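Report on the structure given below.
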Amino acid sequence: MTTNMVDGKKKKKSAAEVQQELRQLTKSGEPPPVNLKRIYWGVGSVSLIVWIIAFILQGWISKAVAGVITLFGIGVLVWIKSFVKKQMALGALLKGADTQEGRKEALDRINSQFKKSDTSAALAKAQLQMQDDPRAALVTLEAVNLDKELAPVAGQVRAMRAMIHLTLGEIQPARSLVDKLDIDKQQEPKTRAMFATVAAEAWARTGLGKKAMDTLDLYNPEAPDMSDLRAQIWRSRAFAYASVNDTKGVARAVKKLAEINPHLLGMFVGQKKIHPLLEREAKQVVMRMGIVPRKMTRTKM
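Okay, so the sequence shown: first residue is 1 according to my numbering, each after it adds one.
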């Protein structure tokens, strides 16, 4: 557990501080809408072409193949509609759970309305739990059998687990998870950026600073479409800059995080395995802002 040094005595980082960091880092906008009309038109067009070819060709085999393909397409559409409906329901629950009471109510509804084996529900449940009880969120996510999940879903679970481990200061478990992430295969830009920032932080904190910087250079935290991930990207950049001993970069990242939420700087102060350059810069800023008493002394690494 992370600690702060106040009046020369170690003070454990409170659960509330960890939860505050997670609440700030997991803020996200609405998921990109699924264009069902475009999907319907796409499947319908393919089916039409298949039937045209089937009538041009002689014999019953081509018609049978066209029928099978059409039935398969209908099945896919039914599954997609059901999946989208479920995602919208979970999204509505997450959107309305902005208080501890709201999160408790949302968790109760997820537990009663969705199966325990439903991975989408498990991800939504963990997102709620991690804001008040990160350990409970880890238990929920660790129950997901990643070997049986599609690669994109397994990636989301790994990334969320790694984020929690990093926030709790558990670097090696996070590194083991991010090394299995396939960032480049993520089609949705925000998901790809989220994977990259989590992975880059783990790499930076385990000695791969250049790899972390090369990854983060692909994402601009100040870009309008990255606004939901701004805090997470700057946090990751702070660790990456420190790992390559970029003093100016560290100062810029710390300043940006302070502008977003000064309390986010607590993750760098007095915590184990924090680069001295990053800890020193963060400590100077929080002391100037009056967040931490000036009697605070430096923790030995």
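All residues carry an ideal CB built from backbone N, CA and C; glycine is no exception.
Being a predicted model, the structure only gives us computed values, none of them experimental.
Residue i and residue j closer than 9 Å at C-beta
i	j	result
M194	S243	no
K190	M226	yes
R158	K180	yes
E279	G270	yes
R103	D132	yes
P221	K256	yes
E201	L166	yes
D182	G207	no
F114	A106	no
Residue i - DSSP class collapsed to helix/strand/coil
i	result
K248	helix
M5	For M5, the predicted model reports a pLDDT of 38, less than 50, meaning its position is unreliable; a value from the coordinates is still stated below. If DSSP states are grouped into helix, strand and coil, M5 belongs with the strands.
A143	coil
K283	helix
L168	coil
L150	coil
S117	coil
V309	Limits of the chain in this structure are 1 at one end and 301 at the other, which puts residue 309 out of reach.
E188	coil
N261	coil
W60	coil
F72	helix
V178	helix
S28	With a pLDDT of only 45 at S28, under the threshold of 50, the placement of this residue in the model should not be trusted, and no figure is reported.
G290	coil
K10	Residue confidence for K10 is low, a pLDDT of 39 falling below 50, so the modelled location carries little weight; the figure read from the coordinates is stated next. The answer is strand: DSSP assigns K10 an E or B state.
D133	coil
I233	helix
Whole-Å CB distance - residue i paired with residue j, under 8 Å assumed
i	j	result
P70	S47	For the sequence presented, residue 70 should be read as Thr rather than Pro. Contact flag correct, Cβ pair sits at about 5 Å.
T197	I233	5 Å
Q129	A136	5 Å
beta-carbon residue i near the ligand MN non-hydrogen atom, thresh 8 Å
i	result
A106	For the structure depicted, the ligand MN is absent and the ligand set is empty, with no information on it obtainable.
(request) Jot down the residue ranges of each uninterrupted alpha helix (DSSP H) in the region 198-228, minimum 4 residues, whole runs only, in chain order. (result) 209-216
(message) Does the structure place the region 136-144 close enough to the region 174-189 that three or more beta carbon pairs sit under 8 Å?
(response) Short answer: they don't touch.
(message) Taking contact to mean 3 or more Cβ pairs, one atom from each stretch, closer than 8 Å, check whether the region 265-285 and the region 216-230 are in contact.
(response) Too few Cβ pairs lie closer than 8 Å, so no.
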